[in-house]
Amino acid sequence: MAKLMPPDPQVEFPFRISRFSHVEYGVRDLNASRKFYVDTMGLVVTHEDEGCIRLRALEERGHHCLRLVQADRADVRAIGFKVPDDSELDRAREFFEQRSLETAWCEPAFMERALRVRDPWGVPLEFYARMDRLPSLHQQYRLYRGVKPLRIDHANLFVPDVDGSTSFYGSMGFRLTEYTEDAETGRKWASWMHRKGNVHDIAFTNGRGPRLHHSAFWISNPLHIIEFLDLISTTGYLASIERGPGRHGISNAFFLYVIDPDGHRIELYSSDYQTVDPEHEPIKWDIDDPARQTLWGAPAPRSWFNEGSVFAGTEPVEPVYAGTPIVAP
Ligand SMILES: [Fe+2]
């Protein structure tokens, strides 16, 4: 068997990121969002006021992983990352300022100071070290409802230049785990990158962007996803089922994609793998390989390649690369 050549292990970082942590969605009807995310999906409310609901999943000790903010239009206001120590925020600021990206300090509720910056394509990022801590609900099984979501896992973004985003986030310390390449042009069509040691904290998909393609929650058991399908198909959410259940070739994830009342796409998934070794070899996929999308061969629907959530304050642009994936008829 041919010996794999591992990439140079990257052990030094301009600043350290622990993991993807949270996302802030603008939503048009907080009651409808609450019904979807709390009563149906099973997330737990940690704070609620007139304009915002903050939620966490069952394993999480951080105050929230989801902020739902009352808004006139559906959008995304922040993609959040946790850093391990407050001093990393100063190093992060230096990293972005050196690249002429404007930074701002802020103090979001239930957090100590946070650093806000937009990446070169206008994606609003929020870095913080300390968020209020709450007792774990992991073994409070009486609280498990819906799909029994344990933790937030990653964000996947439509971006207009996957090679550019992969390179920029690589310079920030994200490691590549899998990627889709067009054999003809050598361009990346998609990439998956991590900091926490599984397949991804952030992923990039070629398309009009930047826009948020989806955010994802980790589920311990694929059967929870099947049971959740029975629940939502009989409680008024049939039209929310967009894709799945299935197993991705990429990441090996057992997945389901649902659409929330504002059109935001949420992935529910389990079963990826460990990538913590610094010399972990990225897996390359060809854009024409049907097992890439779904190991069992079913292609993704057209909405998958077209629909996404806009970032507040950033106008999406057409992609520089016009590669075409396999689309369901
Ligand atoms: Fe995903």
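In the working numbering, each residue's number is its place in the sequence shown (first place is 1) plus 2. For every residue, glycine included, the Cβ atom is placed at its ideal position computed from N, Cα and C.
Check                                                                                                                                             : Outcome
Give the DSSP bridge partners of Lys37, in chain order.                                                                                           : Bridge partners of Lys37: none, in fact.
Alpha carbon to alpha carbon, how far is Leu117 from Thr105? Give it in angstroms, no decimals.                                                   : 7 Å
Three Cβ pairs or more, each shorter than 8 Å: is that satisfied between the segment 288-301 and the segment 267-278?                             : no
Over the uninterrupted beta strand (DSSP E) stretch that includes Ala80, give me the two end residues.                                            : Asp77 to Lys84
Among the candidates Phe313, Thr326 and Val329, whose CA atom is the shortest distance from the CA of Arg75?                                      : Phe313
Could you check if Pro162 is buried or exposed, using at least 16 other CB atoms within 10 Å of its CB as the buried criterion?                   : buried
Considering only heavy atoms of ligand 1, does any lie closer than 7 Å to the CB of Asn158?                                                       : yes
Indicate the three-state DSSP secondary structure (helix, strand or coil) for Leu117 in the structure shown.                                      : strand
How many angstroms separate the CA atom of Phe160 from the CA atom of Pro212?                                                                     : 5 Å
Alpha carbon to alpha carbon, how far is Val278 from Glu179? Give it in angstroms, no decimals.                                                   : This sequence places Thr at residue 179; Glu is not what is there. Whole-angstrom Cα-Cα distance: 10 Å.
Check for me: the beta strand (DSSP E) holding Phe219 runs from which residue to which?                                                           : Arg213 to Ile221
At 4 residues or longer, and completely inside the segment 162-226: list those alpha helix (DSSP H) runs for me, N to C.                          : 164-174
Can you round the beta-carbon distance between Tyr323 and Asn223 to whole angstroms, since I take them to be within the 8 Å contact cut?          : That pair is no contact at about 38 Å.
Write down the C-beta distance between His226 and Lys150 rounded to the nearest angstrom, noting that I regard them as a contact closer than 8 Å. : 5 Å
Taking the continuous beta strand (DSSP E) assigned at Asp127, which residues delimit it?                                                         : Per the sequence shown, the amino acid found at residue 127 is Leu instead of Asp. Pro126 to Tyr130 is the span of the beta strand (DSSP E), which, as asked, contains Leu127.
Could you check what DSSP says for Pro292 in three-state terms: helix, strand or coil?                                                            : helix
Give the straight-line distance between the Cα atoms of Ile81 and Met133, rounded to the nearest whole angstrom.                                  : 15 Å
Taking 7 Å as the cut-off, is the CB of His216 close to at least one heavy atom of ligand 1?                                                      : yes
Pick out whichever of Arg210, Ile261 and Ser217 has its Cα sitting closest to the Cα of Gly238.                                                   : Ile261
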